[in-house]
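Everything on this sheet refers to the single structure shown next.
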Amino acid sequence: MPRPFAVGMDHEPKTAVNHGVDLGTVEPTQQRGTTRMSTSNQPPAQSQPYPLPVPGPAPVKTGKRGNGLGIAALIVGGFALIGAFIPILNYVAGFVGLVGLVLGIIALCLKNRKKGFAVAGTIVSAIAIVLSIILAITYTAGFAGLIGDAVKTAEAKSSEAANKEISVVYEVNGTATDASIVYSTYTAGTNGTEQSTGQALPFIKELTVKAGSDTDFTAFSLVATNGAEDTGSVTCKITVDGDVVAEQTSTGAYASVACSASGVDGVTENK
Numbered sequence: 001m002p003r004p005f006a007v008g009m010d011h012e013p014k015t016a017v018n019h020g021v022d023l024g025t026v027e028p029t030q031q032r033g034t035t036r037m038s039t040s041n042q043p044p045a046q047s048q049p050y051p052l053p054v055p056g057p058a059p060v061k062t063g064k065r066g067n068g069l070g071i072a073a074l075i076v077g078g079f080a081l082i083g084a085f086i087p088i089l090n091y092v093a094g095f096v097g098l099v100g101l102v103l104g105i106i107a108l109c110l111k112n113r114k115k116g117f118a119v120a121g122t123i124v125s126a127i128a129i130v131l132s133i134i135l136a137i138t139y140t141a142g143f144a145g146l147i148g149d150a151v152k153t154a155e156a157k158s159s160e161a162a163n164k165e166i167s168v169v170y171e172v173n174g175t176a177t178d179a180s181i182v183y184s185t186y187t188a189g190t191n192g193t194e195q196s197t198g199q200a201l202p203f204i205k206e207l208t209v210k211a212g213s214d215t216d217f218t219a220f221s222l223v224a225t226n227g228a229e230d231t232g233s234v235t236c237k238i239t240v241d242g243d244v245v246a247e248q249t250s251t252g253a254y255a256s257v258a259c260s261a262s263g264v265d266g267v268t269e270n271k
């Protein structure tokens, strides 16, 4: 039997190539009333994600680190600078400034460290050392001058007091005609004693003596006694530079009175 055949159909398939069109798509092709399907052997393209960035090594810091010794040198130098202006403390301030100077020098020698505080601490400490030495000498000279002036003033006052003359008056009053009187004076390292018997009253003896220095001991005494026939009263009195420092009264035959005063720089105690 003869084989049937189709009219209007091509025996060989033709593949339509469409340049510039995604091969993964299917497009209908019409040719002579026949619909053709164009296929591609390549798989459809897939969208690929962008690759993630790979982290690199951490950046290395090349900046200089802080300098603790430099800060310490500045602080110590500051205290030394303040103490240099204070009397007595400026003697210690020099040693404190020396510590700050050593710290500052060590801080300057450290590598990869900031130098600002170290430089400032070194300068301040050096200034403190110089000022403490200068002011210590100045203050010492001033104190020595004040002490010297005080000593000279004290010596002048002592010399003036030693050369000061004072008046001493010994008095014996009463009605006796045969009284016995003894008086003594001790001043400026000199002692003197006198006696008078059969003395009619009143009796007055005035002396001028040296007062001595502020530490010299001074003593005055006066003793008077009535006679056997003298029954009245008898009174003794000592006056130093116008001040009555001792006075005593007694009555009767052989009645006796004693006045005395002692002290330093003249008389400060009365008896």
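Position one of the sequence shown corresponds to residue 1 (the UniProt record's numbering), numbered consecutively onward.
The beta-carbon is built from N, C-alpha and C at its ideal position, and this holds for glycine as well.
On a predicted model such as this, the values are computed, not experimentally measured, just so you know.
Check your understanding: Going by the CB atoms, is the gap between Y183 and K205 shorter than 8 angstroms?
Key -> yes
Practice item. Would you identify the three-state DSSP class for I129, choosing helix, strand or coil? Key: helix
**Study point:** Exposed unless 16 or more other CB atoms sit within 10 angstroms - verdict on V7
**Key:** Only weak support is given to the placement of V7: the predicted model assigns it a pLDDT of 44, under 50, and the question is left unresolved by the model.
Practice item. Starting from F79, follow the alpha helix (DSSP H) in both directions and report where the run begins and ends. Key: G68 to G83
Check your understanding: Quick one, which of T193, A118, S125 and A179 has its alpha-carbon nearest E229's?
Key -> A179
Point to revise | Helix, strand or coil at K115 [DSSP, three-state] | key: coil
Check your understanding: What span of residues does the beta strand (DSSP E) with G198 cover, start to end?
Key -> T190 to Q199
**Study point:** Cut-off 7 angstroms between Cβ atoms - residues of its own chain near V257, not counting five sequence neighbours on either side
**Key:** The answer, listed in chain order, is A224, V234, T235, C236, Q248, T249 and S250.
**Study point:** Distance CB(A84)-CB(A150) smaller than 8 angstroms
**Key:** Taking 8 angstroms as the cut-off, the beta carbon of A84 is found no closer than this to the beta carbon of A150.
Practice item. Would you list the residues sitting across from N173 in a DSSP beta bridge? Key: Answer is T235.
Practice item. Return the residue from the list V119, S196 and V92 that minimises the CA-CA distance to L69. Key: V119
Review point. For the alpha helix (DSSP H) that Y91 lies in, which residues bound it at each end?
Key: Per DSSP, the continuous alpha helix (DSSP H) segment holding Y91 begins and ends at L89 to C109.
Review point. Taking the alpha-carbon positions, what's the G145 to V99 distance?
Key: 32 angstroms
Check your understanding: Assuming A176 contacts L201 under a Cβ cut-off of 8 angstroms, what Cβ separation, rounded to an integer in Å, is found between them?
Key -> 5 angstroms
Exercise for review: Compute the Euclidean distance between the alpha carbons of T122 and L131, then round it to the nearest angstrom.
Suggested key: 14 angstroms
Check your understanding: Buried or exposed: where does Y170 fall if 16 or more other Cβ atoms within 10 Å of its Cβ makes it buried?
Key -> buried
Exercise for review: Please report how far the alpha carbon of I71 lies from the alpha carbon of A154, in whole angstroms.
Suggested key: 52 angstroms
Exercise for review: Taking D243 as part of the beta strand (DSSP E), name the residues at either end of that continuous run.
Suggested key: D243 to T251
Review point. What's the gap between the Cα of A255 and the Cα of T231?
Key: Answer to the nearest angstrom: the Cα atoms are 8 angstroms apart.
Check your understanding: Taking Cβ to Cβ, would you say S125 is nearer than 8 angstroms to G94?
Key -> Cβ atoms of S125 and G94: not closer than 8 angstroms.
Review point. In terms of residues, what are the limits of the beta strand (DSSP E) holding S183?
Key: Residue identity differs from the one stated: residue 183 is Tyr in this sequence, not Ser. Unbroken beta strand (DSSP E) run through Y183: A179 to T187.
**Study point:** Test item: CB-CB of I238 and F203 under 8 angstroms
**Key:** Taking 8 angstroms as the cut-off, the beta carbon of I238 is found no closer than this to the beta carbon of F203.
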